[in-house]
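Protein chains in written order, with our numbering: chain A, 829 to 962; chain B, -1 to 305; chain C, 5 to 213. Think of the CB as a built atom: it goes at the ideal place given N, C-alpha and C, for glycine as much as any other residue. In this text, all values refer to a predicted model and were calculated from it rather than measured experimentally.
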Amino acid sequence: MNVHEFMTTRLEFVDGGASVYEAIEKMVDKRIRSLVVRFSGKDDGYGVITARDVVFRVLAKGINPQKMKVAEIASKPLITITQDADLTEASGLMQKSNVARLFVSDGQRLVGLVSLMDVMRAMLIMRARGKYVL
Amino acid sequence: MWKLLGGVFLGWSLGANDSANVFGTGVATGLVKYGTAVLLTAAFVLLGAVLEGPKCMGTLSELSRLGALEAFHCTLAAAVTMTALTALAIPASASQAIVGAVIGIGLFYGSADFSKLYKIISCWVFTPVCGIIAAYLFHRVLRYILEKTVVTLTYRNLLYYWGILVFGCYGAYSLGANNVANVTGVYVGSGQLSAETAALIGGISIALGVLTYSRKVMMTVGKGIAPLDPFSALVVVLATAFTLHVFTQIGVPVSSSQAIVGAVVGVGLVGDLRTVSSKMLAKIAVSWVLTPLSAGGLTYLIIALIK
Amino acid sequence: MFFEKAFRHGKKERKVIENIRSHLSLLRTACYTLETALEKRDRNLLGEVINLENEADVKRREILSNIYDGAFLPYLRPDLCKFVEIVDSIFDFLEETAYCYLEAEIPPEMGDECLRVAFFNRQMSEMLLITFQALVDGEDLREKTLAIRIYEKKIDDIKNYLTKDLRAVPVENFWNGLYLSNFLSSLTRISDVIEDASDHLQIISVSIR
């Protein structure tokens, strides 16, 4: 089973120049744990801001999220994987990089996101398929 | 000869009432056709009566010395008691009725031997207990074996079907072996019949009762125990049959209804103590006391009236 | 008389099992055909889906009559029949989806997600077949039913997106809008019913233990 089958194709973005508070609002409304950060200016790449970043680096420290910009706590570059990679590669990369999600790229394009939960679900399905040859 | 009719009547009502304890579940859940169940029960009851029935015959005659006429009075009184209790919807045990009758006569004529009664009564008390223990053990052991061996859907299905049939036959066999003494045992005591002949005649009368009048009871009793899953139903029948068989070896006729109630409780204990209703336990306790007392009392009255 | 019944008994049950297995295979084929039809935009394949629904109906009747001919213990029969009926209703939704697709115009921006749903439907139908086989083999069904639930939730998520996006689609013609809406609704219902079917297999599994 490869990454393409289990990724989410819907990505949510936020601008690097937006406040962390706006990012939080988006995460809450869409019920997701991470956002892809679009950097303005010369930096053409993407970054990511996650719930962990928001909690550990802003809220828990008592910093006002409205006063902080997304670009200040976003991580980059994105850790990516290709569509036809398999689950073992994905889980190995997550473990090595100590992240809970990988971004799926097709060349330079971002086509999706595969999370730890996605990998877990896919592995459960592989287990269920087990010895049954289809 | 006509005096034997009392026994035949008693046997017939026993067959009609108790056969439900054997195949009741099977018939009420549609597993076994009524006709098949009845034929098998009748055949195996007769077989059990003839092969091992004589083992219990001695017990009744030890209670009190009986002449030919008294033997008739006993069986008649017991049969009437059974019928009356059944009509009042009180569970009636033939074993307890006949013992009550014999003691009744014994008291009347002063020839009762109470020392033998203790053995009998303790066996009655132990019947449901044995049912509980047997059912619990069989359930655990068989469940364990089953999970290791018969797993697939088809085989399980086949096993349950044949299991109900085979254990049902065993149940009928044990019923005949254990209870035929209730029916014609008194005639052996009075010297009218040999144990073997008594067993044969008793067996036939029980079989007749099964064949002719057991439908209604089979349907209602079966439905009461039917909520059990098929495996538990199997275990209940097996445990009941086993209990009856054990007491046959001991030589004392006991109540199949009490055995089956114990078995159902035993199976309930495997799952959860909550499935064992205190109502059921109370019912057992009450029958222990009520049935022989009422049977005995009624019999005493009847004998007194006849005289 | 009894021994004859014994051997015949095993045979009847095996026949029912074989037939249910081919019924489920038909389901997988139908889901696969729908998926391919959406992928290649092939209208002929959609007709094939409808044919398969008819074939499945015939199979269903055969299974039901086999069961009531005396296969399996009486207390198992209603559950087995219910399972077959549930599977049959999946075919009805497949047929409905095919019809609506023929009539409606699917906006291109939704095409990929619809294809993903059809893809997952096919995976689910395969898993259903696996679950049934596991039931017959006497295995624990937990992992298989969990797998089916995972798929169903995945499809549910996509359905949420699709429903939101649908509101933004311009509809010039009421009927086109209706067919589009019906297409999406029946396409996403398929997974719900497959989940129902697998839950029912779990019920059967528990009752035979």
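Helix, strand or coil at residue i according to DSSP, with G and I counted as helix
| i | result |
| --- | --- |
| asparagine 177(C) | coil |
| glycine 33(B) | helix |
| lysine 148(C) | helix |
| serine 943(A) | strand |
| leucine 906(A) | coil |
| lysine 19(C) | helix |
| threonine 878(A) | strand |
| aspartate 141(C) | coil |
| asparagine 19(B) | helix |
| serine 211(C) | helix |
| lysine 897(A) | strand |
| serine 253(B) | coil |
| threonine 836(A) | strand |
| serine 276(B) | helix |
| leucine 80(C) | coil |
| aspartate 196(C) | helix |
| asparagine 892(A) | coil |
| glutamate 46(C) | Residue identity check: residue 46(C) is aspartate in the sequence provided, not glutamate. Coil, per DSSP. |
Proximity below 8 Å, CB of residue i to CB of residue j
| i | j | result |
| --- | --- | --- |
| glycine 166(B) | phenylalanine 21(B) | yes |
| valine 265(B) | valine 234(B) | yes |
| leucine 173(B) | glycine 46(B) | yes |
| alanine 179(B) | methionine 80(B) | no |
| alanine 34(C) | phenylalanine 95(C) | yes |
| leucine 915(A) | valine 947(A) | yes |
| isoleucine 258(B) | asparagine 19(B) | yes |
| alanine 928(A) | leucine 944(A) | yes |
| alanine 846(A) | valine 898(A) | yes |
| valine 43(B) | alanine 205(B) | yes |
| lysine 114(B) | glutamate 60(B) | yes |
| glycine 207(B) | leucine 64(B) | no |
| tyrosine 134(B) | valine 252(B) | no |
| leucine 952(A) | isoleucine 162(C) | no |
| alanine 175(B) | glutamate 50(B) | yes |
| alanine 261(B) | glycine 129(B) | yes |
| alanine 99(B) | alanine 66(B) | no |
| arginine 45(C) | leucine 133(C) | no |
| leucine 139(C) | leucine 68(C) | no |
| isoleucine 852(A) | proline 893(A) | yes |
Among the options, nearest to residue i - alpha-carbon criterion
| i | options | result |
| --- | --- | --- |
| glycine 4(B) | Thr27(B), Ala77(B) and Thr23(B) | Ala77(B) |
| glutamate 917(A) | Arg937(A), Val942(A) and Met896(A) | Val942(A) |
| methionine 216(B) | Ser11(B), Tyr32(B) and Lys1(B) | Tyr32(B) |
| threonine 288(B) | Val30(B), Ile103(B) and Ser91(B) | The sequence given here places leucine at residue 288(B); threonine does not occur at that position. Checked all of Val30(B), Ile103(B) and Ser91(B); the closest Cα to leucine 288(B) is Ser91(B). |
| serine 903(A) | Gln911(A), Thr878(A), Pro893(A) and Phe884(A) | Thr878(A) |
| lysine 63(C) | Ala122(C), Leu30(C), Ala172(C) and Ser189(C) | Leu30(C) |
| valine 210(C) | Val175(C), Arg146(C) and Thr167(C) | Arg146(C) |
| lysine 19(C) | Gly74(C), Ala108(C) and Gly181(C) | Gly74(C) |
| threonine 837(A) | Glu900(A), Asn892(A) and Val939(A) | Val939(A) |
| valine 184(B) | Val263(B), Thr34(B) and Thr73(B) | Thr73(B) |
| cysteine 85(C) | Phe97(C), Pro111(C), Asn23(C) and Leu119(C) | Asn23(C) |
| arginine 344(B) | Ser69(C), Glu57(C), Leu38(C) and Phe76(C) | The structure shown has nothing for residue 344(B), since chain B only spans -1 to 305. |
| cysteine 118(C) | Asp144(C), Phe187(C), Pro78(C) and Phe136(C) | Phe187(C) |
| aspartate 144(C) | Leu140(B), Val149(B) and Leu58(B) | Val149(B) |
| asparagine 58(C) | Phe97(C), Asp200(C), Glu43(C) and Arg25(C) | Phe97(C) |
| asparagine 177(C) | Phe124(C), Glu109(C), Gln137(C) and Ser189(C) | Glu109(C) |
Classification of residue i by the beta-carbon crowding that lies within 10 angstroms, buried from 16 upward
| i | result |
| --- | --- |
| tryptophan 10(B) | buried |
| threonine 192(C) | buried |
| methionine 5(C) | No answer about methionine 5(C) holds up, because its pLDDT of 42 lies below 50 and its placement is not dependable. |
| valine 961(A) | Because the pLDDT of valine 961(A) is 49, which lies under 50, any placement of that residue in the model is unreliable, and the question is left without a value. |
| methionine 131(C) | buried |
| glutamate 156(C) | buried |
| glutamine 94(B) | buried |
| leucine 38(B) | buried |
| leucine 291(B) | exposed |
| proline 905(A) | exposed |
| threonine 297(B) | buried |
| phenylalanine 7(C) | Confidence at phenylalanine 7(C) is low in this model, with a pLDDT of 49, below 50, so the placement of that residue should be treated as unreliable; the coordinate-derived value is given next. Burial call: exposed. |
| proline 174(C) | exposed |
| alanine 302(B) | exposed |
| methionine -1(B) | exposed |
| glycine 844(A) | buried |
| glycine 294(B) | buried |
| aspartate 92(C) | buried |
Using 8 Å as the Cβ pair cut-off and three pairs as the minimum, do the region 93 to 111 of chain C and the region 42 to 54 of chain C touch?
yes
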